[in-house]
Structures are given as structure tokens and as C-alpha cells.
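One structure is given here, and the rest of the page talks about it.
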Amino acid sequence: MNRILKVIVYTGSLATLGGLAGYFSSKREFKYLIISIFFGILWIPVFLSGIN
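For the sequence shown, our numbering gives the first residue as 17, with consecutive numbering after it.
Structure below.
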């Protein structure tokens, strides 16, 4: 049960960060692109934390 919960949280966080980055980058305004870049940079360590 504990492993399943970790997988769900990990997958959910990757999907949420990636989705928010895509959403904000589709706005095509400078302030939203900065937010999108922030979420993209934040996505990388979350992704790398899943590699053992």
C-alpha cells in the first residue's frame, strides 16, 4: 500500500508540474513564460528523484 501511494504521488506531481508548465506557456505572454520556465525547472529534480 505504501509503495502504491508513493507511485501515485510521484506520477501526480510530474503530471501536475508538466501540465501547469504547458498551460502557462500556451498563454504566450512574457510573465506566463517565466512561470512556465519555473515549472519546467522544478519538474527536472522531481523527475530525477524517481531514478534509483
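For each residue, glycine too, the CB sits at the ideal point set by N, CA and C.
Since this is a predicted model, take the numbers as computed values, not measurements.
For this session: Please classify Ser65: is it buried, with 16 or more other beta-carbons within 10 angstroms of its beta-carbon, or exposed?
Result: exposed
Exercise. Could you give the distance in angstroms between the alpha-carbon of Tyr48 and the alpha-carbon of Ser41?
Worked result: 6 Å
Problem set entry | Which listed residue (Asn68, Phe63, Ile67) has its alpha carbon closest to that of Gly8 | Residue 8 falls outside the range modelled here, since the chain spans only 17 to 68, and no answer is possible.
Exercise. Distance, Cα to Cα, Ile50 vs Tyr39?
Worked result: 12 Å
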